[in-house]
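*Asks:* Positions in the sequence shown are counted from 1; adding 8 to them yields this note's numbering. I'd like to ask some things about the structure below.
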Amino acid sequence: MTDKFRSEIAGLRAIAVVSVVLFHLKLRGFDGGFVGVDVFFVISGYLISRNILADLRLGRFSFGQFYARRTRRIYPALIFTVVMTYVAGALWCSPLMFLDLAKECTHALLSIANIQYWRESEHYFAANSDELALLHFWSLSLEEQFYLIWPVLIVLAHRFGRAFAAIGIVGLASLAAAVLVEKSDPSAAFFLMPFRIFEFAIGAGVLRAEQTIGRSRAATEGAAAAGVIVILLSVVLFRSDMPHLQVALLLPCLGAASVIWAGRAPLVSIMTANPVMVAIGAISYSLYLCHWPIIFFAKFIFGAAAEGIGATLAQATLMLIVAAAMYFFVERRFILASQAEAPRFARTATAFALVVLPLVALTHATFVTRGFGWRLPQEEAERVHRQSFPADSDRTGLSGPVGVQFVGDSISNQYEYGLMPTLRQLGISYQGLGGAGCPILYGAALSKSPRRADCIAARDEALGVLEHSSLPVIFTQFWQMYDDASIDYDQGVTPSEFDAGSYRKLRVALGVTVRELVARGHRVLLVGTQIDPGCPVNPPRLQQGPLPHARLPCPAASLAKARQMVAPTDQILADIQAEIQATWPSAVALIRPIDYFCDADCPVVKDGLWLYSHPAHLSVAGADHMIGRSAPVFRDFLSR
Numbered sequence: 009m010t011d012k013f014r015s016e017i018a019g020l021r022a023i024a025v026v027s028v029v030l031f032h033l034k035l036r037g038f039d040g041g042f043v044g045v046d047v048f049f050v051i052s053g054y055l056i057s058r059n060i061l062a063d064l065r066l067g068r069f070s071f072g073q074f075y076a077r078r079t080r081r082i083y084p085a086l087i088f089t090v091v092m093t094y095v096a097g098a099l100w101c102s103p104l105m106f107l108d109l110a111k112e113c114t115h116a117l118l119s120i121a122n123i124q125y126w127r128e129s130e131h132y133f134a135a136n137s138d139e140l141a142l143l144h145f146w147s148l149s150l151e152e153q154f155y156l157i158w159p160v161l162i163v164l165a166h167r168f169g170r171a172f173a174a175i176g177i178v179g180l181a182s183l184a185a186a187v188l189v190e191k192s193d194p195s196a197a198f199f200l201m202p203f204r205i206f207e208f209a210i211g212a213g214v215l216r217a218e219q220t221i222g223r224s225r226a227a228t229e230g231a232a233a234a235g236v237i238v239i240l241l242s243v244v245l246f247r248s249d250m251p252h253l254q255v256a257l258l259l260p261c262l263g264a265a266s267v268i269w270a271g272r273a274p275l276v277s278i279m280t281a282n283p284v285m286v287a288i289g290a291i292s293y294s295l296y297l298c299h300w301p302i303i304f305f306a307k308f309i310f311g312a313a314a315e316g317i318g319a320t321l322a323q324a325t326l327m328l329i330v331a332a333a334m335y336f337f338v339e340r341r342f343i344l345a346s347q348a349e350a351p352r353f354a355r356t357a358t359a360f361a362l363v364v365l366p367l368v369a370l371t372h373a374t375f376v377t378r379g380f381g382w383r384l385p386q387e388e389a390e391r392v393h394r395q396s397f398p399a400d401s402d403r404t405g406l407s408g409p410v411g412v413q414f415v416g417d418s419i420s421n422q423y424e425y426g427l428m429p430t431l432r433q434l435g436i437s438y439q440g441l442g443g444a445g446c447p448i449l450y451g452a453a454l455s456k457s458p459r460r461a462d463c464i465a466a467r468d469e470a471l472g473v474l475e476h477s478s479l480p481v482i483f484t485q486f487w488q489m490y491d492d493a494s495i496d497y498d499q500g501v502t503p504s505e506f507d508a509g510s511y512r513k514l515r516v517a518l519g520v521t522v523r524e525l526v527a528r529g530h531r532v533l534l535v536g537t538q539i540d541p542g543c544p545v546n547p548p549r550l551q552q553g554p555l556p557h558a559r560l561p562c563p564a565a566s567l568a569k570a571r572q573m574v575a576p577t578d579q580i581l582a583d584i585q586a587e588i589q590a591t592w593p594s595a596v597a598l599i600r601p602i603d604y605f606c607d608a609d610c611p612v613v614k615d616g617l618w619l620y621s622h623p624a625h626l627s628v629a630g631a632d633h634m635i636g637r638s639a640p641v642f643r644d645f646l647s648r
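Quick look at the structure:
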């Protein structure tokens, strides 16, 4: 292993981490600061490949020592960050938020955070990314996965004298795959390691360039200057929604490679290798680790007060203080220990297991116990429940036969919950059919969604059950979600124009579905459009933890504005009701939530409780508010 210090690489690390921090602080002019992560990948590819190849040439490379060194270098500060984030979550987070944070901690400790965010479709640039306390760990998990395969590739290729050829082939294959996958699954191209290997390979390719390209002073100065300029322009000009992002990322990657190849070019080094940049570069890993949890909890605890200039400067100062402390008291202790004595794999693996596995057990226990709800006083726990999504209806006392079938997506849950008292009084039980986020309509399926197959299965199962029944149906969907840009047809219905904001496909598919149900003897109650609260409903903001945090303001929506929003889909339901009543006069009924939920305006908070648990879902309190006002309509439908 070679430990030669490169001050310009430390400066490059400083540029990378400062870019990421400024991007996450949402400062104007740094919209492309996310490319700092790509610069880090290039640096890692260069240094790791350099060290492996140097040890191979000297005949002293050991997989055990490699992984032991990587573990001792990466994990101490990583574990410290996860533990501190978990502790902060235990103090400030509601059970709902704490269970999600605990899941993030588990995946961060196991180095699979990137896979978690991909599987859950949590795009790095999505609006809800502010709700993820360890979102930045995606890159650390990806890099640790890279370390698992890269030494194997280099060792095998080195035996045949083709190390750089193998690096080039793998890098090009990774880039090609990233470009192709980006079209169908941009989250996979962003988060998953195979589609990022090309960035590490660019760093490794610098080693070959150092061997084959002559470096005059003019060449090194030019390459270093060009590299820095390209990186800075990327930070300023790039946007998260720019087309062909994976190809565009080649620019900052090649810029970083140019700076590394140039070495300590005297003039450019004034910027990249000065004492301030080198110092920031030295603490860059700790700064990267701590910066996002500080931003996350500042916004969570203080709300809008954390977004002013003074608050931003305070956060940046705190980041530097925490990063410096982590570097000197955590990182550096293990760096010096590794330099004094080569780490042994067995000892390192044992220590890793003794520390990480109990932490994983704790974070997983937090998740499966739904966020350690015992942390809250009973009164606050009840408030948390009242503001939660009514996921599990209490069927106590429903001893009668199934007398109604609820059909639809997750909107059904709030009506199933709210109608429990009515069903008990009528002496009947119910059956729920459908799937969350799924259109339960003949021939309709989500278009370009990873859940398409699951939703088709849920749809077919639900409609299959209905074909062998003639019970009353309460049909609820988040209708406004299923516009022409969101659904298409897989059977039985002629496709219409693909158009966001239009509901022609929904109109046809719903008409077919309701007619089919009525023809089979079902009476159908169509539940109209769910009212949009008109502001971002953030469940973690709604519920308090042991220590208080800022609540997000959300004024009530005006009745006129709410009517305008629900009109397109409510009109479709009214038209279908009228058409079918021409043949079956009493077969289809319609209830519009806006007629019962709203007065002069449509409340979001009532008696200090949020009526929404999500922009698309009522809370327990919201369901009680809605059903409390509309129960006679449902009772009349079920009593006939």
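Ideal Cβ positions, reconstructed from N, Cα and C, are used throughout, including at glycine.
1. Considering Cα atoms alone, identify which of Ala639, Cys446, Phe397, Pro554 is closest to Leu431.
2. My output table needs one value for Gln439: the three-state DSSP class, helix, strand or coil.
3. Buried or exposed, going by whether 16 or more other CB atoms sit within 10 Å of the CB of Gly40?
4. Identify whether Ala483 lies in helix, strand or coil by the three-state DSSP scheme.
5. How close, in whole Å, do the beta carbons of Ala141 and Leu161 come, if the pair is a contact with beta carbons under 8 Å?
6. Going by Cα to Cα distance, which pick from Gly72, Phe49, Phe380 is closest to Phe203?
7. Helix, strand or coil for Ala273? Go by DSSP, reduced to three states.
8. Just the Cα atoms here: how many angstroms apart are Cys446 and Gly536?
9. With C-beta atoms as the reference, is Pro561 less than 7 Å away from Val612?
10. So what's Lys614 in DSSP terms, helix, strand or just coil?
11. Give the DSSP-derived three-state secondary structure of Ile682 in the structure shown.
12. With the cut-off set at 7 Å, would you say Gly411 and Ile448 are in Cβ contact?
13. How many Å lie between Leu262 and Ser15 at the Cα?
14. Are Phe575 and Ile539 close, meaning C-beta to C-beta below 7 Å?
15. Just the C-alpha distance for Gly630 and Asp468, rounded to the nearest angstrom, thanks.
16. If I measure Cβ to Cβ from Ile584 and keep anything under 7 Å in the same chain, skipping five residues before and after, which residues do I get?
17. Can you grab the Cα-Cα spacing for the pair Ser149 / Leu619, in whole Å?
18. With the cut-off set at 7 Å, would you say Gln422 and Gln439 are in Cβ contact?
19. For Val43, does the count of other Cβ atoms within 10 angstroms reach 16, so buried, or fall short, so exposed?
20. So who's on the other strand from Gly416, going by DSSP bridges?
21. Would you check if the distance between the CB atom of Phe199 and the CB atom of Trp146 is smaller than 7 Å?
22. Rounded to the nearest angstrom, what separates His633 and Ser594 at their Cα positions?
23. Pull up the DSSP beta-bridge partners for Tyr620, would you.
24. In whole angstroms, what is the alpha-carbon distance linking Met327 and Ser294?
25. Where Lys34 and Ser248 are concerned, what is the direct C-alpha to C-alpha distance, given to the nearest angstrom?
*Replies:* Well, looking at it:
1. Of the listed residues, the one whose Cα sits closest to Leu431 is Ala639.
2. Of the three classes helix, strand and coil, the one that applies to Gln439 here is strand, per DSSP.
3. By the neighbour-count rule (16 or more Cβ atoms within 10 Å), Gly40 is buried.
4. According to the sequence as given, residue 483 is Phe; it is not Ala. Judged by DSSP in its simplified three-state form, Phe483 adopts strand.
5. Taking a contact as a CB-CB distance under 8 Å, the pair Ala141 and Leu161 does not count as one, their CB atoms being some 34 Å apart.
6. Checking every option, the nearest Cα to that of Phe203 belongs to Phe49.
7. DSSP places Ala273 in the coil class of the three-state scheme, outside both helix and strand.
8. Taking the Cα positions, Cys446 is about 16 Å away from Gly536.
9. Contact: no.
10. Lys614 sits in a strand when the DSSP states are folded into three classes.
11. Nothing about residue 682 can be reported from this structure: the residues present for the chain run from 9 to 648 only.
12. Against a cut-off of 7 Å, the Cβ pair of Ile448 and Gly411 comes out as no contact.
13. The straight-line gap from Cα to Cα measures roughly 19 Å.
14. In the sequence under discussion, the amino acid at residue 575 is Ala, which differs from the Phe named in the question. In this structure, the beta-carbon distance from Ala575 to Ile539 does not fall below 7 Å.
15. Between Gly630 and Asp468, the C-alpha separation is close to 30 Å.
16. The answer, listed in chain order, is Leu518, Gly519, Val522.
17. Taking the straight line joining both Cα atoms gives about 38 Å.
18. Result no, Cβ atoms of Gln422 and Gln439 do not sit closer than 7 Å.
19. So Val43 counts as buried.
20. Gly442, Thr484, per the DSSP bridge assignment.
21. The answer is yes: Cβ separation under 7 Å.
22. Whole-angstrom Cα-Cα distance: 28 Å.
23. Paired residues: Leu626.
24. Straight through space, the alpha carbons of Ser294 and Met327 are spaced by roughly 9 Å.
25. C-alpha separation (whole angstroms): 13 Å.
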